[in-house]
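**Student:**
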Amino acid sequence: MPATRRSLLAGAAAAPLAGLLPMPAIAQNRPLRVGIIAPRAGVAGTVGEVGLRGVEFAVEKINAAGGVAGRRVELVIEEETSPRETTERARRLALQERVDVIQGIVSSGVSLALGPVLEESRILTVYWDGTTQDGVNETMPRSRWVFRSTDNECEAVMGSLMAIKHWRGQFVTVAGINPDYSYGRNNWAAFIAFLKRFNIEHRIVAEQWPRVGGMDLTANVAALKAANPDLVFSSMLFADLPVLMRQGHAAGLLEGRKWVFPAAGFQHTSLKREFTPAGMIFGHNTLYFADPQASPLAREFVEWYHAKTNDWPHWEADRAFFAMEVWRRGVEKAVQAKGASAWPSNAEIAEAMRGIKVVSLGGPGRMRRDGIAEQTFTQGPTVHDPRYDFPILDPAKITKLDGRGLQKPEGGDFWKWIAEAQFDI
Amino acid sequence: MGAFIEVTTAGLFHAAVLFLVAAGLQLVFGVQRILNLACGSFYALGAYCGVTAGSTALGLGVPPLLALPVLLLAGGAIAVLGPPVERVLRLVQDRDESLQLLLTFALVLMLQDAVRMVWGSSPRQVDGIYLAYGQVQALGARVPVWNLLVLLAALVVALGLGAFLKRTNFGRLLRATAENRRMAASLGVDTGRVYAVVFSLGVALGGMGGALVVPSSAATPEMAVELVVEAFAVVVIGGLGSMGGALAGAVIVGLLRAVALVVWPELELMAVYAVVVAVLLLRPAGLFGKPAA
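Which chain is which? The protein sequence lines are A and B, in order. Under my numbering, the first residue of the first sequence carries the number 1, and numbering increases by one thereafter. Under my numbering, the first residue of the second sequence carries the number 1, and numbering increases by one thereafter.
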């Protein structure tokens, strides 16, 4: 078929986007542009801000060390809002800003909708915390351009294992208060599946599904108290979690029960000691700021973060750092493979990122061949420490687990995996 | 027994806040015939003013136990927004209701952005008040004192509003204007002033509702839209324009939600809107509303 003016123009427009062609030598002197999409408002606004700090730290270090394969890194930041608006912003980053990679996205609702668009447009992307899961099922089993974070249920899997490890035989009646969307529903279902898997005798006495961002939980607290459970599992993780804790404390709900909060780390500094008793199981996901076994890099980051914000970071900073590190290592590997002749294409960089191992702030991790991340998770029972006005993990009881043991294998079925896999608790 | 008291109190706590916002809505509609979606925004503004005032007061060393009057004043202070906003809404007072809804919804969006500009987008809380009031324990129940104070405050407002409307001269002028604006005006009533006062009172009621919830929860820019939907369910059940209807509707919605969360949490919202639908079908004017002539 002869080339028409239209097909040539279309090809010219798509080439830099797709990264299929090696870039001209002149372009190799320009900085690498990284597009970041993160929430900056609403219930996830503070989460995005913490992630952006992780990016800032990573880029400072990269540029101080001479850049990525000799090229400095520049950031172009956009806001994550609704799936439709965020998709438009991702397109703008690729087409107008001509970024080399997009990183970010916290909400799986957004990343699920955005994934196919990015894949079809051949835009190299590494998600921070977003997945492409429909429920617990992967919708993009082997994407070429889109690399996503760990499964949403990792923290629930670990929280369930922690509850069984620490409190087996100490509870019968269980209740859940989980956010009313697929994350909350799946986390609760996973917890129940683990109780069955380990033959834990239990009886569900209440299931509460507050809306994300709903700030009056007095009726939910009263309903939970009326059910009088021995153990409560809650995957609440946004600004409504401190509200639950405060209202629960005032109503006497928290006393005399066992609590599992696999995602409490998102709000850890807001869960003040005055209303958050010790002895709960808290999940800090892939970054625990006071980890006694933290690497020098992680300690440096926590100190850097505290000096800048007078606050302590949570896992979104690690997710952002991990995304940047996976991409950086992928670029350097691809550049090395290509030799000095030309800069690798984005397709070559994407291929180099598969199976790559990195050390992130929270510990070792890797990008699986199917484009799904595996990272180290940290959880444990809490204690009160006079140095902090919020509970921290009991240093003697911290558990760290490799992500490989916390999520279904490539192409696996989540429920079948829970039923059949070996779990070391 | 303890659980019954706790669930009922939780339902009534929510009802108290709903009543304050719905009462403002009813007052404005009853007198001015304006369906004011922005009542939710005044609730949100009250909450943010409560956060600022509460935090400032605690920072200045005001004892937490004096927080209630501080918050009520802070929420009520947004009444200053009443006269200018009322002047804008007067432009659509005698126009089609859809135009009123559009204009007041535009106000909701504008005020939401104003809140973001002033206080930012992240949820804001005020620590140190809710727990300072302690709890009451009786009959196996443990109820936060703050929740009871909010209930009491709403009750006092309801009684005060009733007395204001029925026993004061201005209340009579207000009711006369609500009954027949032209007649009231021809008899020398300054209806413009009546509207400004009524609207400011509606704003203050919403503001106080917002300010009273922040010690136990948090202020978010989205709270305006969340509450206005429930407030409309309240007025549909109670009857548009009726103050007694606002009280009854708020209690029904609050208790229904609380009971549904115990019995069948999945039906929390459906239970409320099933009642709304039933009222619309069986008694379209609402439980306390006057049927259209």
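We put the beta carbon where it would ideally sit given N, CA and C, even for glycine. Remember, predicted model here, so these are calculated numbers, not experimental data.
#1: Run down chain A in chain order and give the residues with a C-beta less than 7 angstroms from the C-beta of N147 of chain B.
#2: I'd like to confirm the pairing. Which residues does DSSP put opposite W259 of chain A in its beta bridges?
#3: Entirely within the stretch 283–326 of chain A and at least 4 residues each: give me those alpha helix (DSSP H) ranges in chain order.
#4: Can you find a CB in chain B that lies within less than 8 angstroms of the CB of E79 of chain A?
#5: Give a yes or no on whether 8 angstroms exceeds the smallest Cβ distance from K426 of chain A to chain B.
#6: Could you give the DSSP three-state label for L37 of chain B: helix, strand or coil?
#7: What do you reckon, are the CB atoms on I102 of chain A and L93 of chain A nearer than 8 angstroms?
#8: What does W209 of chain A reach in chain B if we use C-beta pairs closer than 9 angstroms?
#9: In chain A, which residues lie with their C-beta within 8 angstroms of the C-beta of F170 of chain B?
#10: Just by C-beta distance, which residues in the stretch 231–243 of chain A are closer than 9 angstroms to chain B?
#11: So, is the C-beta of V43 of chain A closer than 8 angstroms to a C-beta in chain B?
#12: Helix, strand or coil, according to DSSP, for Q100 of chain B in the structure here?
#13: What does the Cβ neighbour count give for M110 of chain B, buried or exposed, with the cut at 16 atoms within 10 Å?
#14: Check each residue of the stretch 44–64 of chain A: if its Cβ is closer than 7 angstroms to any Cβ of chain B, include it; give the result in chain order.
#15: Helix, strand or coil: which one does DSSP assign to L401 of chain A?
#16: Taking only beta carbons into account, state which residues of the stretch 3–15 of chain B come closer than 7 angstroms to chain A, listed in chain order.
#17: Taking the C-alpha atoms as reference points, what is the distance between P292 of chain A and P395 of chain A?
#18: With a 10 Å radius around its C-beta and 16 neighbouring C-beta atoms as the bar for buried, classify T309 of chain A as buried or exposed.
#19: Whose Cβ in chain A lies nearer than 9 angstroms to the Cβ of M223 of chain B?
#20: Check this for me: beta carbons of T276 of chain A and P391 of chain A, under 8 angstroms apart or not?
#21: Got a sec? Which residues, its chain only, sit under 6 angstroms from D385 of chain A by beta carbon, not counting five neighbours each side?
#22: Using a C-beta to C-beta distance shorter than 8 angstroms, which residues of chain B count as neighbours of F301 of chain A?
#23: Using three-state DSSP, classify R124 of chain B as helix, strand or coil.
#24: What residues in the stretch 270–281 of chain A bring their beta carbon closer than 7 angstroms to a beta carbon of chain B?
#25: Does the separation of the CB atoms of V302 of chain A and W312 of chain A fall below 8 angstroms?
#26: Taking Cβ-Cβ distances below 8 angstroms as the criterion, which residues of the stretch 248–270 of chain A are in contact with chain B?
#27: With DSSP collapsed to three states, give me the class of Y388 of chain A.
#28: To the nearest angstrom, report how far apart G238 of chain B and V228 of chain B are at their CA atoms.
#29: Give the DSSP-derived three-state secondary structure of D394 of chain A in the structure shown.
#30: Checking contacts by CB at 8 angstroms: is Q135 of chain B closer than that to chain A?
#31: Does any residue of chain B have a CB that is nearer than 8 angstroms to the CB of V205 of chain A?
#32: Provide the residue(s) that pair with Y195 of chain B in DSSP beta bridges, ordered along the chain.
#33: Report the three-state DSSP secondary structure of F147 of chain A (helix, strand or coil).
#34: At a CB-CB cut-off below 7 angstroms, which residues of chain A make contact with G127 of chain B?
#35: Against chain A, which members of the stretch 40–68 of chain B pass a CB distance test of less than 7 angstroms?
#36: Going straight from the alpha carbon of E56 of chain A to that of V197 of chain B, what length do you get?
**Tutor:** Reading off the structure:
#1: Residue numbering aside, residue 147 of chain B sits at position 147 when the second sequence is read from its first letter. Chain A residues near N147 of chain B: T218.
#2: Locating residue 259 of chain A in the first sequence gives position 259, counting from the first residue. BP columns for W259 of chain A point to A:V232.
#3: With a minimum length of 4 residues, the continuous alpha helix (DSSP H) runs that stay inside the stretch 283–326 of chain A are 296–309.
#4: For the purposes of this step, residue 79 of chain A is taken as the residue at position 79 of the first sequence. Not an interface residue.
#5: There is simply no residue 426 of chain A to check, as chain A begins at 1 and stops at 425 in what is shown.
#6: Counted from its first residue, the second sequence places residue 37 of chain B at position 37. It is coil, neither helix nor strand.
#7: For the purposes of this step, residue 102 of chain A is identified with residue 102 of the first sequence, where counting begins at 1. For the purposes of this step, residue 93 of chain A is identified with residue 93 of the first sequence, where counting begins at 1. The answer is yes: Cβ separation under 8 angstroms.
#8: As a position in the first sequence, residue 209 of chain A is number 209, starting the count at 1. In chain order: P265, E266 and E268.
#9: Here residue 170 of chain B is taken as the residue at index 170 of the second sequence, counted from 1. For F170 of chain B, no chain A residue has a C-beta closer than 8 angstroms to its own C-beta; the minimum C-beta separation is roughly 34 angstroms.
#10: Per Cβ criterion, the list reads F238, A239, D240, P242 and V243.
#11: Here the question's residue 43 of chain A lines up with position 43 in the first sequence. Interface annotation, V43 of chain A: in contact with chain B, CB-CB separation under 8 angstroms.
#12: One-based indexing of the second sequence puts residue 100 of chain B at position 100. Assignment of Q100 of chain B by DSSP, reduced to helix, strand and coil, places it in the helix class.
#13: For this step, residue 110 of chain B is matched to residue 110 along the second sequence. Classification of M110 of chain B: exposed, given that the 10 Å Cβ count is below 16.
#14: Answer set for the stretch 44–64 of chain A: G45 and T46.
#15: Looking up residue 401 of chain A in the first sequence gives position 401. Reduced to three states, the DSSP call for L401 of chain A is strand.
#16: Close to chain A, meaning a Cβ-Cβ distance shorter than 7 angstroms, are the following residues of the stretch 3–15 of chain B: A3, E6, V7, A10, G11, F13 and H14.
#17: In the first sequence, counting from the first residue as 1, residue 292 of chain A sits at position 292. In the first sequence, counting from the first residue as 1, residue 395 of chain A sits at position 395. Using only the alpha carbons, I get a separation of about 7 angstroms.
#18: Reading the first sequence from its first residue, position 309 is the one you call residue 309 of chain A. Exposed, by the Cβ-count rule.
#19: As a first step, residue 223 of chain B is located in the second sequence; it is residue number 223 there, counting from the start. Near M223 of chain B (Cβ distances below 9 angstroms), the residues of chain A are G213 and M215.
#20: Here residue 276 of chain A is taken as the residue at index 276 of the first sequence, counted from 1. Here residue 391 of chain A is taken as the residue at index 391 of the first sequence, counted from 1. In this structure, T276 of chain A places its C-beta atom within 8 angstroms of the C-beta atom of P391 of chain A.
#21: Within the first sequence, the letter at position 385 stands for residue 385 of chain A. Closer than 6 angstroms at Cβ, skipping near neighbours: I392.
#22: Indexing the first sequence from 1 puts residue 301 of chain A at position 301. Per Cβ cutoff of 8 angstroms: no residues; F301 of chain A is ~22 angstroms from chain B at best.
#23: Walking along the second sequence from the start, residue 124 of chain B turns up at place 124. Three-state DSSP puts R124 of chain B in a strand.
#24: Residues passing the 7 angstroms Cβ filter: K272, E274 and F275.
#25: Start at 1 with the first residue of the first sequence, and residue 302 of chain A comes out as number 302. Start at 1 with the first residue of the first sequence, and residue 312 of chain A comes out as number 312. Result yes, Cβ atoms of V302 of chain A and W312 of chain A sit closer than 8 angstroms.
#26: Answer set for the stretch 248–270 of chain A: H249, A250, A251, G252 and S270.
#27: Within the first sequence, the letter at position 388 stands for residue 388 of chain A. Three-state DSSP puts Y388 of chain A in coil, outside helix and strand.
#28: Taking the second sequence and counting its residues from 1, one reaches residue 238 of chain B at position 238. Taking the second sequence and counting its residues from 1, one reaches residue 228 of chain B at position 228. Their backbone Cα atoms lie some 15 angstroms apart in a straight line.
#29: As a working note, residue 394 of chain A is residue 394 in the first sequence. Reduced to three states, the DSSP call for D394 of chain A is coil.
#30: In the second sequence, counting from the first residue as 1, residue 135 of chain B sits at position 135. Yes, Q135 of chain B lies at the interface with chain A (some Cβ there is under 8 angstroms from its Cβ).
#31: Counting from 1 along the first sequence, the entry for residue 205 of chain A is found at position 205. Among the CB atoms of chain B, none fall inside 8 angstroms of the CB of V205 of chain A.
#32: Position 195 of the second sequence holds residue 195 of chain B. DSSP output for Y195 of chain B lists no bridge partner at all.
#33: Residue mapping note: residue 147 of chain A aligns to position 147 of the first sequence, counting from 1. Note: F147 of chain A maps to strand in three-state DSSP.
#34: By one-based count along the second sequence, residue 127 of chain B stands at place 127. Before going further, note that residue 127 of chain B is Asp rather than Gly in the sequence given. Simply K272.
#35: Taking 7 angstroms as the upper bound on Cβ-Cβ separation, chain A lies near no residue of the stretch 40–68 of chain B.
#36: Locating residue 56 of chain A in the first sequence gives position 56, counting from the first residue. Locating residue 197 of chain B in the second sequence gives position 197, counting from the first residue. Between the C-alpha atoms of E56 of chain A and V197 of chain B there is a straight-line separation of about 52 angstroms.
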